[in-house]
Amino acid sequence: MNCPNCGKEMEHGFVRAESFIGGVKWMTEVSSKSLGLESIAKPNSLGFCFMEGDRCKECHKILIQC
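My numbering applies: residue 219 is where the sequence shown begins, and numbers increase by one.
Set out below in C-alpha coordinates:
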(Lines of atoms letter the chains of each structure in order from A; the text may use other names.)
(Lines give C-alpha, C1' and ligand atoms only; values in the text may rest on other atoms or scores of the structure.)
Protein backbone atom coordinates (compact mmCIF):
# COMPACT_ATOMS: atom_id res chain seq x y z
CA MET A 219 0.00 0.00 0.00
CA ASN A 220 1.24 3.49 -0.81
CA CYS A 221 1.00 6.40 1.63
CA PRO A 222 -1.86 8.76 0.74
CA ASN A 223 0.26 11.67 2.03
CA CYS A 224 3.65 11.21 0.31
CA GLY A 225 3.09 8.25 -2.06
CA LYS A 226 5.88 6.05 -0.63
CA GLU A 227 5.41 2.38 0.25
CA MET A 228 3.88 1.77 3.68
CA GLU A 229 4.84 -0.99 6.13
CA HIS A 230 2.02 -3.34 7.20
CA GLY A 231 1.78 -4.22 10.89
CA PHE A 232 -0.10 -3.69 14.15
CA VAL A 233 -0.51 -0.99 16.78
CA ARG A 234 -0.52 -2.51 20.26
CA ALA A 235 -2.19 -0.87 23.23
CA GLU A 236 -2.23 -2.17 26.79
CA SER A 237 -5.57 -1.73 28.53
CA PHE A 238 -6.93 -4.30 30.94
CA ILE A 239 -10.34 -2.60 31.20
CA GLY A 240 -11.58 -0.46 28.36
CA GLY A 241 -9.60 -1.28 25.26
CA VAL A 242 -8.89 1.39 22.65
CA LYS A 243 -11.38 4.26 22.44
CA TRP A 244 -11.93 6.97 19.83
CA MET A 245 -12.10 10.63 20.91
CA THR A 246 -12.21 13.86 18.95
CA GLU A 247 -10.17 15.80 21.51
CA VAL A 248 -7.67 14.94 24.25
CA SER A 249 -9.40 14.20 27.55
CA SER A 250 -8.76 12.13 30.67
CA LYS A 251 -12.43 11.04 30.72
CA SER A 252 -13.37 7.82 28.94
CA LEU A 253 -17.06 7.39 29.76
CA GLY A 254 -19.27 7.49 26.68
CA LEU A 255 -16.42 7.15 24.18
CA GLU A 256 -16.67 4.75 21.24
CA SER A 257 -14.70 1.54 21.75
CA ILE A 258 -12.78 0.62 18.57
CA ALA A 259 -10.75 -2.35 19.89
CA LYS A 260 -11.40 -4.71 22.79
CA PRO A 261 -8.54 -6.19 24.83
CA ASN A 262 -7.70 -9.88 24.47
CA SER A 263 -7.44 -12.24 27.47
CA LEU A 264 -3.99 -10.85 28.31
CA GLY A 265 -5.18 -7.21 28.27
CA PHE A 266 -3.62 -6.23 24.93
CA CYS A 267 -5.38 -4.54 22.02
CA PHE A 268 -4.02 -5.10 18.52
CA MET A 269 -5.15 -2.93 15.62
CA GLU A 270 -4.04 -3.81 12.09
CA GLY A 271 -2.79 -1.05 9.84
CA ASP A 272 -0.03 0.45 7.74
CA ARG A 273 2.58 3.11 8.58
CA CYS A 274 4.75 5.39 6.52
CA LYS A 275 8.31 5.61 7.82
CA GLU A 276 8.86 8.71 5.68
CA CYS A 277 6.08 11.06 6.86
CA HIS A 278 5.01 9.20 10.03
CA LYS A 279 1.37 8.66 9.05
CA ILE A 280 -0.43 5.57 10.35
CA LEU A 281 -3.62 4.16 8.79
CA ILE A 282 -5.48 1.85 11.17
CA GLN A 283 -8.28 -0.55 10.29
CA CYS A 284 -10.90 -0.50 13.03
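Using N, Cα and C, we set each Cβ at its ideal position, and we do this for glycine too.
Predicted model only: the values in this text are computed from it and were never measured.
{"Asked": "Check each candidate in GLU276, LYS275, SER263 and name the one with the smallest Cα separation from ILE239.", "Found": "SER263"}
{"Asked": "In chain order, what residues of the same chain lie with their CB nearer than 8 Å to the CB of LYS260, ignoring the 5 residues before and after it?", "Found": "GLY241, CYS267"}
{"Asked": "Assign LYS251 to one of three DSSP states: helix, strand, or coil.", "Found": "coil"}
{"Asked": "For MET228, count neighbouring Cβ atoms within 10 angstroms of its own Cβ and tell me buried if that reaches 16, exposed if not.", "Found": "buried"}
{"Asked": "CYS224: buried (16+ other C-beta within 10 angstroms of its C-beta) or exposed?", "Found": "exposed"}
{"Asked": "Using beta-carbon positions only, say whether SER252 and LYS243 come within less than 8 Å of one another.", "Found": "yes"}
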